[in-house]
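S.K.:
Number of protein chains: 2
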Amino acid sequence: MDEIRAGVDRQLAQFIDGRSEALIKIDPHLAPVAAAISQYVLSGGKRFRPIFAYLGYLGAGGQPSEKVLRACSALELVHVCALIHDDLMDGSDSRRNLPSIHKRFAALHSSASYQGDAPRFGAAAAILLGDLALAWSDQLLAQAELDGSIKERCLPVFYAMREELMAGQYLDVLAGAIADSDLDRALKVATLKSGRYSIERPLHFGAALVGAAHSLTKTYSDYGLPLGQAFQLRDDLLGVFGDPAVTGKPAGDDIREGKRTVLIALTMERASVSQRAEVTAALGDSELTSENVERIRAIIEECGARHETERLIEDRFQDAAGAIEAGGFPPEIASAFSSMAIIATKRSS
Amino acid sequence: MDEIRAGVDRQLAQFIDGRSEALIKIDPHLAPVAAAISQYVLSGGKRFRPIFAYLGYLGAGGQPSEKVLRACSALELVHVCALIHDDLMDGSDSRRNLPSIHKRFAALHSSASYQGDAPRFGAAAAILLGDLALAWSDQLLAQAELDGSIKERCLPVFYAMREELMAGQYLDVLAGAIADSDLDRALKVATLKSGRYSIERPLHFGAALVGAAHSLTKTYSDYGLPLGQAFQLRDDLLGVFGDPAVTGKPAGDDIREGKRTVLIALTMERASVSQRAEVTAALGDSELTSENVERIRAIIEECGARHETERLIEDRFQDAAGAIEAGGFPPEIASAFSSMAIIATKRSS
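Sequence lines, in order, name chains A and B.
Residue numbers for the first sequence follow the working numbering, so the first one is 1 and each next one is one higher.
Residue numbers for the second sequence follow the working numbering, so the first one is 1001 and each next one is one higher.
(1) Check whether chain A comes within 9 Å of B:Tyr1040, counting only Cβ atoms and requiring the distance to be less than that.
(2) So what's A:Arg96 in DSSP terms, helix, strand or just coil?
(3) Using 8 Å as the Cβ pair cut-off and three pairs as the minimum, do the region 1258-1265 of chain B and the region 1171-1181 of chain B touch?
(4) Below 8 Å between beta carbons is the criterion; list the residues of the region 155-176 of chain A that meet it against any residue of chain B, in chain order.
(5) Short check: CB of B:Ala1344 to CB of B:Pro1202, under 9 Å?
(6) Can you find at least 3 beta carbon pairs, one from the region 1300-1318 of chain B and one from the region 1234-1246 of chain B, that sit closer than 8 Å?
(7) Going by beta-carbon coordinates alone, are B:Gly1228 and B:Thr1280 separated by less than 9 Å?
(8) For a contact meaning CB atoms closer than 9 Å, what does A:Tyr223 contact in chain B?
(9) Among the candidates B:Arg1297, B:Asp1222, B:Asp1254 and B:Ser1348, whose CA atom is the shortest distance from the CA of B:Asp1315?
(10) Shortest alpha-carbon distance to A:Ala230 belongs to which of A:Glu66, A:Ser43 and A:Ile342?
(11) Rounding to the nearest angstrom, what Cα-Cα distance links A:Trp136 and A:Glu269 in this structure?
(12) Is it the case that the Cβ atoms of A:Gly211 and A:Arg153 are separated by a distance below 9 Å?
(13) So what does DSSP say about A:Pro244, is it helix, strand or coil?
(14) Return no unless some Cβ of chain B is closer than 9 Å to the Cβ of A:Leu23.
(15) Which runs of the alpha helix (DSSP H) fall wholly inside the region 91-153 of chain A and span at least 4 residues, in chain order?
(16) Could you name each continuous alpha helix (DSSP H) segment of 4 residues or more that falls completely within the region 226-296 of chain A, going from the start of the chain to the end?
(17) Please identify the residue among B:Ile1024, B:Glu1257 and B:Ala1298 whose C-alpha is closest to the C-alpha of B:Ser1272.
(18) Hey, would you say A:Phe337 sits closer than 9 Å to A:Gly327, going by beta carbons?
(19) Considering only residues of the same chain and omitting the five flanking positions on each side of A:Leu216, which have a CB-CB separation below 7 Å?
(20) So for B:Gly1062, helix, strand or coil by DSSP?
(21) Does the Cβ-Cβ distance between B:Cys1072 and B:Arg1049 come in under 9 Å?
(22) Taking only beta carbons into account, state which residues of the region 31-57 of chain A come closer than 7 Å to chain B, listed in chain order.
(23) Can you tell which of A:Ala265, A:Gly322, A:Arg256 and A:Ile313 has the C-alpha that lies nearest to the C-alpha of A:Asn292?
(24) Should B:Ser1339 go down as buried or exposed, given a rule of 16 or more other Cβ atoms within 10 Å for buried?
(25) Hey, B:Tyr1170 and A:Ala125: beta-carbon distance below 9 Å or not?
(26) Could you name the residues of the same chain whose beta carbon sits closer than 8 Å to that of B:Ser1111, not counting the 5 residues immediately before and after it, in chain order?
(27) According to DSSP, simplified to helix, strand and coil, what is B:Leu1042?
(28) Tell me the DSSP secondary structure of A:Met161 in three-state form.
(29) Give every residue of the same chain whose Cβ lies closer than 6 Å to the Cβ of A:Val8, excluding the five residues on either side of it in the sequence, and list them in chain order.
(30) With a threshold of 8 Å, are at least 3 pairs of Cβ atoms found where one atom belongs to the region 18-37 of chain A and the other to the region 1160-1167 of chain B?
(31) Please list, in chain order, the chain A residues whose beta carbon lies closer than 7 Å to that of B:His947.
(32) Within 10 angstroms of its Cβ, does B:Ala1106 collect 16 or more other Cβ (buried), or is it exposed?
(33) Chain A beta carbons: is any one of them nearer than 9 Å to that of B:Cys1303?
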């Protein structure tokens, strides 16, 4: 896995270096844009989507290939767009222990004593940098110079993935706005936002790079969909109980942002009337103190919603593990899929 | 030209209908997203970029083709992303006499009594709908099913166009923030934002769809760059002097937004010290009354900046016309290029 990750990092670095140079050649005033996006893309990230895509390719019998690594790395740029825009929409201040892009450019505005409103400048920069990353995702994919027939197979998967991502993001925002804490809806959003986008679609993308049989696509869904849901459920838990030093995000951010996660839906089902009223009042209150957050955490714990979410994760992890076992992959591939399942569900950041 | 425009409209309608259906199939809650983006894309717009691209193709000897019309229509979706995101960044309330996307979704939030902040919901929706349009631009281009060698020629132009657009947008926002009213900078931003993106690159894109000779690419630059600048200069004039009933945007919006246009740079060069102070104070003041705007208009007029901008447009129009004459195109193509030059520079919306 480390080798794949290193390969993805190498492809991204090469691409981003080229684009940064191009930007500065357009105008030297674009240097802060190039620097921000380079640091954002290259200073970490779990690279889940490219790694799953490449594993999907290897699992379908593909041979190690730099071109394919490049194609899979395009998925990371889609994700970079999603993160930059998501942080702006949520008003999140940090990501990967760095200021989020809108914060970074708002700070540039202040430190350079620019005119006008600093947050507004930061927001504009974040919108444009996210757009750039999204546009670049196609460019990197094109630079993989895949054969025509392979491209024909993998592009529909790539496009469906991006469409579902944006659809899922909208439904997520909508769920917060209609204060919908229905469990089925929360699971559906989790499936769209993560089940498909983060794992299943990347696996299918990798399979399409080989031209895999239908049965393999089904195995990938049997593994990827529950694992993707479990991945999102872990995210939900980290958004409330995560250690800020490890997650790189402030504690309890999901509560302040009013996210209608599966964890919250379970809490609403299980909490007492008075507890439910407390949680309802806290959700989306950006002024919440750390004591308030601590209180909501205690309710989520006491009513058993945290425990139940852990159980849902474990169930889905087992389903995913079973699908890999039944898939009859060569041992090293099966072991890579198992490791990724553990990383995706048992992570702390 | 009407035939080309109708062809572009047809291709866009067909594509957007398909994507709308796909969205609603993902989740019926996406119906407002599908409706908003359909109305936005299909209810007008000048279609400059697809038309220039298709003319670039015909001028290079290409034969009428639905596939090529489809490829050229992809440029309109890039533009839709730019408009949706630009309106959000600028805080513009309307576009094409319809509420801008962030306003539309903020209104949906209010009328449906959603929880949380309506403008914030509107902003999130505008970010995601713009992203969707940008992602769709590649998808529509892919659906044109161009031959491999043609794709290899036109994709670099397409990618460069998108990168320059976002670079130009950032430089535009930056110019407002550093309150830079330098004429050369304003012309450079105008060139990036419009000279290349709106006309020159679309022409080159069209030429690449045929595989045109270098000499034609040069002719297209000689026509497209000055015309693109003139197009942007007309935009600057309309942003200050335009009739809201015709432009579909509030009067004097560019002043309230603090845009550092060529028109403003010329005003700063020519106005008296006291006039300059008045203009400086007004730029970026979102609370400006219509009387204030009227006063700034009078200064721009009196100091001769409006007249000088008209002269710059006329000079560039003549350069563009000369390039077409020298290009030796068949009469009907030359006449189409001339008509487009008139539409681009003498328009009132």
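Every residue, glycine too, gets a C-beta built ideally from N, C-alpha and C.
M.R.: Let me lay it out:
(1) Taking the first residue of the second sequence as 1, we reach residue 1040 of chain B at position 40. No, its Cβ sits nowhere closer than 9 Å to a Cβ of chain A.
(2) Here residue 96 of chain A corresponds to residue number 96 of the first sequence, with the count starting at 1. Correct three-state label for A:Arg96: coil.
(3) yes
(4) Leu155, Tyr159, Arg162, Glu163, Glu164, Met166, Ala167, Gln169, Tyr170, Leu171, Val173, Leu174 and Gly176
(5) Your numbering for residue 1344 of chain B matches position 344 in the second sequence. Your numbering for residue 1202 of chain B matches position 202 in the second sequence. Result no, Cβ atoms of B:Ala1344 and B:Pro1202 do not sit closer than 9 Å.
(6) yes
(7) In the second sequence, the residue the question calls residue 1228 of chain B occupies position 228. In the second sequence, the residue the question calls residue 1280 of chain B occupies position 280. It is not a contact, given that the beta carbons lie outside the stated cut-off.
(8) Position 223 of the first sequence, counted from the first residue, corresponds to residue 223 of chain A. Ordered by position in chain B, no residue passes the 9 Å Cβ test against A:Tyr223, which lies about 22 Å from the chain.
(9) Looking up residue 1315 of chain B in the second sequence gives position 315. Closest option to B:Asp1315, Cα to Cα, is B:Asp1222.
(10) Numbered from 1 along the first sequence, position 230 holds the residue referred to as residue 230 of chain A. Per the Cα distances, A:Ile342.
(11) As a first step, residue 136 of chain A must be located in the first sequence, where it is residue number 136. As a first step, residue 269 of chain A must be located in the first sequence, where it is residue number 269. Rounded to whole angstroms, A:Trp136 to A:Glu269 spans 43 Å at the Cα level.
(12) The residue labelled residue 211 of chain A in the question sits at position 211 within the first sequence. The residue labelled residue 153 of chain A in the question sits at position 153 within the first sequence. Closer than 9 Å, so yes.
(13) By 1-based counting over the first sequence, the position of residue 244 of chain A is 244. Residue state, collapsed to three classes: helix.
(14) Here residue 23 of chain A refers to the residue found at position 23 of the first sequence. For A:Leu23, the answer is yes, since a Cβ of chain B falls inside 9 Å of its Cβ.
(15) 101-111 and 118-143
(16) 244-247, 253-256, 262-270 and 273-282
(17) Here residue 1272 of chain B refers to the residue found at position 272 when the second sequence is read from its first residue. Ranked by Cα distance from B:Ser1272, the options B:Ile1024, B:Glu1257 and B:Ala1298 are led by B:Ala1298.
(18) Position 337 of the first sequence, counting from 1, holds the residue named residue 337 of chain A. Position 327 of the first sequence, counting from 1, holds the residue named residue 327 of chain A. The answer is yes: Cβ separation under 9 Å.
(19) Here residue 216 of chain A refers to the residue found at position 216 of the first sequence. These residues qualify, in order along the chain: Ala60 and Ala207.
(20) Taking the first residue of the second sequence as 1, we reach residue 1062 of chain B at position 62. Residue state, collapsed to three classes: coil.
(21) Reading the second sequence from its first residue, position 72 is the one you call residue 1072 of chain B. Reading the second sequence from its first residue, position 49 is the one you call residue 1049 of chain B. Yes, these two residues count as a Cβ contact at 9 Å.
(22) If you check each beta-carbon in the region 31-57 of chain A against every beta-carbon of chain B, the ones closer than 7 Å belong to Val33.
(23) As a first step, residue 292 of chain A must be located in the first sequence, where it is residue number 292. Residue A:Arg256 is the option with its Cα nearest to A:Asn292.
(24) If you number the second sequence from 1, residue 1339 of chain B lands on position 339. Exposed, since its Cβ has fewer than 16 Cβ neighbours within 10 Å.
(25) Sequence index remark: in the second sequence, residue 1170 of chain B carries index 170 (1-based). Sequence index remark: in the first sequence, residue 125 of chain A carries index 125 (1-based). Against a cut-off of 9 Å, the Cβ pair of A:Ala125 and B:Tyr1170 comes out as a contact.
(26) Position 111 of the second sequence, counted from the first residue, corresponds to residue 1111 of chain B. Within the same chain, B:Ser1111 has no close Cβ partners at all.
(27) Position 42 of the second sequence, counting from 1, holds the residue named residue 1042 of chain B. DSSP places B:Leu1042 in helix when its eight states are reduced to three.
(28) If you number the first sequence from 1, residue 161 of chain A lands on position 161. Of the three classes helix, strand and coil, the one that applies to A:Met161 here is helix, per DSSP.
(29) Locating residue 8 of chain A in the first sequence gives position 8, counting from the first residue. Here the set comprises Arg47, Pro50 and Ser73.
(30) Counting C-beta pairs with one atom in each stretch, the region 18-37 of chain A and the region 1160-1167 of chain B have three or more that are closer than 8 Å, which means they touch.
(31) Here chain B covers residues 1001 to 1349 and nothing more, so residue 947 of chain B does not appear.
(32) The count along the second sequence starts at 1 and reaches residue 1106 of chain B at position 106. For B:Ala1106, the number of other beta carbons within 10 angstroms of its own is at least 16, and it is reported as buried.
(33) As a working note, residue 1303 of chain B is residue 303 in the second sequence. No, B:Cys1303 lies away from the interface with chain A (no Cβ there is under 9 Å from its Cβ).
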